[in-house]
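Here is the structure we will look at.
Quick look at the structure:
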């Protein structure tokens, strides 16, 4: 057969083209988006020591009760508690006596996180980093979505297919969406300090 | 054996399932008789909830029933035909190419592109993954009722997840759907869809599809399947491709025109207006929404310069950073960077860096016994005095007061 159509290219055409299915800029491809979205299931029976956090982390409590101390503030933990910690948070877990905390943590680098907040549906009136991390207690549909996302992230850790990074990014986006949904609007805005800020 | 092509009953219509007012909405339809053909600028997913019928996609027939899912591209003309005496209950979600473009991180090889375009346009009702897609549709529907900022973000990622699960399924069914068995019109449309950004002619496409295919036969087959001849169809697909880049903050229209296959910017503008009735600028404005008038908020995708600067600050907040050097490395200027920060993020480079450093200093103040001077150096301030001044500006108290307050045991019980 003289003419082969391009759908039978047998690997010879790895020509990179612009198409409706290839978005983003080269920068994102080359620098930002990693293959290192890592998700782990942790079972904590005893109080932990302070962890230095270098990444962006989403934590979801799956079972057990206790508390997490983030930068000196204690937050109660119960099933379906979702937390986002940044690189400036140091934290430790303290399970309740006789209880075991089962926590899924999913980490990504800052580049991935910043790309997440570049989502066209995320309204950024002002870029502001709050002192306290967003902590939400979920029920109903949002709890289902958060658990589905963490389960998906855990299962992708074992599979690692070609599109794993893409689907993991979506799961993380779900978690960011849940936090945006549940946290009060004022949380994302800069609050004027009592000193009366310089203008 | 090659399938026969079913011709169009009338000229395809647009803006039925897609359009700015339908972004992130779940649309519900009940179709009781054969619908007119639909050709959209964006793609969309269809879930068949009830009934049996046929989807005619670029002249090729695909039987559907409850539980079937279809991903219709901007290159495909769809005619929905319920079986005699049946009614089809459908859920439709528009999946615009701008969103797809945001969620796709990398440029794609021709092989991968061909695999996606060449995949089955209808899957289900059985198969691994269908249940997960249906679950996503159901949750999407619940979230549509909320119509809030957070739910919009989740819905946007749901669409991408449906796409990825869909592609996984079509990949596993690759052997069941062969290019050589498709009608010529569909073959031609698929070939053009994957090569629209290249400089191609009808003769080249005909030659690539098969040795016996003539240019006239190709044109005729395309006209029967899509209602457009080769040139009209090619230009339409180039415009669809161009629109996928519209939400990037930093891409000018002349660049978009060139990467979409238009040799001249003026041709792009003319053809765009002929297709949509408005200029690219107006079209972009229509895509955006401030979140008022009952529509979902939708802005531009942040520029890669801003993303890279903020990422850099996150990673290197404790180091010495010179904005002008950083700007030079990103092939821009300090002034442009400052303007971008102000207009897009309503803040400045310096404020963001200060916030990061203060937050890090807070962590050290509350979890270590280090003296303030050491914390100042550790967090990138250089001196205790600078830390004190910036800390007071942001928190309204001194580092010492903050340490005292936090270490006094402030509790949050989550309400």
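Chains as they are written, first to last, in my numbering: chain E, 1 to 199; chain X, 1001 to 1415.
Glycine residues also receive a C-beta, built at the ideal position from the N, C-alpha and C atoms.
These numbers come from a predicted model, not from an experiment.
8 Å Cβ cutoff, residue i in contact with chain X
i	result
residue 186 of chain E	no
residue 125 of chain E	yes
residue 57 of chain E	no
residue 173 of chain E	yes
residue 199 of chain E	In this prediction, residue 199 of chain E scores a pLDDT of 31, lower than 50, which makes its location untrustworthy; the coordinate-derived value is nonetheless stated afterwards. Chain X contact via Cβ: absent.
residue 181 of chain E	yes
residue 151 of chain E	no
residue 98 of chain E	no
residue 73 of chain E	yes
residue 94 of chain E	no
residue 9 of chain E	Because the pLDDT at residue 9 of chain E is just 35, under 50, the model does not fix this residue reliably, and the value given afterwards should be weighed accordingly. Yes - at least one Cβ of chain X is within 8 Å of the one on residue 9 of chain E.
residue 37 of chain E	no
Contacts that residue i makes with chain X (C-beta to C-beta distance below 7 Å)
i	result
residue 129 of chain E	1355, 1356, 1359
residue 141 of chain E	1139, 1142
residue 87 of chain E	1314
residue 64 of chain E	Correct list: empty, because the minimum Cβ distance to chain X is about 15 Å.
residue 90 of chain E	1363, 1367
Partners in chain X for residue i, counting only beta-carbon separations shorter than 9 Å
i	result
residue 82 of chain E	Here the premise fails: no neighbours, minimum Cβ distance about 11 Å.
residue 101 of chain E	Ordered by position in chain X, no residue passes the 9 Å Cβ test against residue 101 of chain E, which lies about 15 Å from the chain.
Below-8 Å beta-carbon distance, residue i vs any chain E residue
i	result
residue 1174 of chain X	no
residue 1346 of chain X	yes
residue 1413 of chain X	Annotation note: pLDDT 46 at residue 1413 of chain X (below 50); position unreliable, coordinate value reported separately. Yes, because at least one Cβ of chain E sits closer than 8 Å to the Cβ of residue 1413 of chain X.
residue 1407 of chain X	yes
residue 1327 of chain X	no
residue 1160 of chain X	yes
residue 1102 of chain X	yes
residue 1284 of chain X	no
residue 1385 of chain X	no
residue 1189 of chain X	no
residue 1013 of chain X	no
residue 1134 of chain X	no
residue 1363 of chain X	yes
residue 1230 of chain X	no
residue 1333 of chain X	no
residue 1157 of chain X	yes
Identified DSSP bridge partners for residue i
i	result
residue 1079 of chain X	X:1056
residue 63 of chain E	E:102
residue 1063 of chain X	X:1054
residue 1043 of chain X	X:1095
The alpha helix (DSSP H) enclosing residue i, as first and last residue numbers
i	result
residue 1132 of chain X	1130–1146
residue 66 of chain E	That residue, residue 66 of chain E, is in no alpha helix (DSSP H); its beta strand (DSSP E) goes 66–70.
residue 1255 of chain X	1253–1259
residue 114 of chain E	110–117
residue 1203 of chain X	1202–1209
residue 1385 of chain X	1384–1395
residue 1267 of chain X	1265–1276
residue 172 of chain E	164–182
residue 957 of chain X	Lying outside 1001 to 1415, the shown extent of chain X, residue 957 of chain X is not represented and no answer is given.
residue 39 of chain E	No alpha helix (DSSP H) holds residue 39 of chain E; the beta strand (DSSP E) holding it covers 38–44.
residue 1418 of chain X	In the structure displayed, chain X extends from 1001 to 1415; residue 1418 of chain X sits before or after that span and is not available.
residue 1166 of chain X	1149–1172
Amino acids of chain E, ordered along the chain, whose beta-carbon sits closer than 7 Å to that of residue i
i	result
residue 1302 of chain X	118
residue 1247 of chain X	120
residue 1311 of chain X	32, 110, 111, 114
residue 1041 of chain X	Those do not exist, as residue 1041 of chain X stays about 10 Å from chain E at its closest Cβ, beyond 7 Å.
residue 1352 of chain X	127
Cross-chain neighbours of residue i in chain E, by beta carbon under 8 Å
i	result
residue 1120 of chain X	The contacting residues do not exist; residue 1120 of chain X stays about 14 Å from chain E at best.
Unbroken beta strand (DSSP E) run spanning residue i, endpoints
i	result
residue 1030 of chain X	1026–1031
residue 84 of chain E	81–85
residue 1070 of chain X	1069–1072
residue 95 of chain E	90–95
residue 145 of chain E	Looking at the DSSP string, residue 145 of chain E is not in any beta strand (DSSP E); the run it does join, the alpha helix (DSSP H), is 140–159.
residue 1282 of chain X	From DSSP, residue 1282 of chain X is part of no beta strand (DSSP E) but of the alpha helix (DSSP H) over 1280–1287.
residue 1117 of chain X	Element bounds for residue 1117 of chain X: not the beta strand (DSSP E) but the alpha helix (DSSP H), 1110–1117.
residue 76 of chain E	73–77
residue 1373 of chain X	Not the beta strand (DSSP E): residue 1373 of chain X falls in the alpha helix (DSSP H), residues 1372–1378.
residue 137 of chain E	135–137
Cross-chain neighbours of residue i in chain E, by beta carbon under 9 Å
i	result
residue 1296 of chain X	121
residue 1164 of chain X	163, 166, 167, 170
Partner residues on chain X for residue i, Cβ-Cβ distance less than 8 Å
i	result
residue 138 of chain E	Under the 8 Å cutoff, chain X gives no residues; its nearest Cβ is about 11 Å from residue 138 of chain E.
residue 160 of chain E	Neighbours of residue 160 of chain E on chain X: none; closest Cβ ~14 Å, over 8 Å.
residue 178 of chain E	1150, 1154
residue 43 of chain E	Here the premise fails: no neighbours, minimum Cβ distance about 22 Å.
Check: residue i C-beta below 7 Å from any heavy atom of the ligand MG
i	result
residue 185 of chain E	Among the components modelled here there is no ligand, and therefore nothing to report on the ligand MG.
In chain order, what are the residue ranges of uninterrupted alpha helix (DSSP H) at least 4 long that sit wholly in the segment 1296–1368 of chain X? Taking only runs of at least 4 residues, the alpha helix (DSSP H) segments lying wholly in the segment 1296–1368 of chain X are 1304–1316, 1323–1329, 1334–1345, 1349–1367.
Minimum length 4: unbroken alpha helix (DSSP H) runs contained in the segment 1227–1256 of chain X: Taking 4 residues as the minimum length, the alpha helix (DSSP H) runs contained wholly in the segment 1227–1256 of chain X are 1230–1243, in order along the chain.
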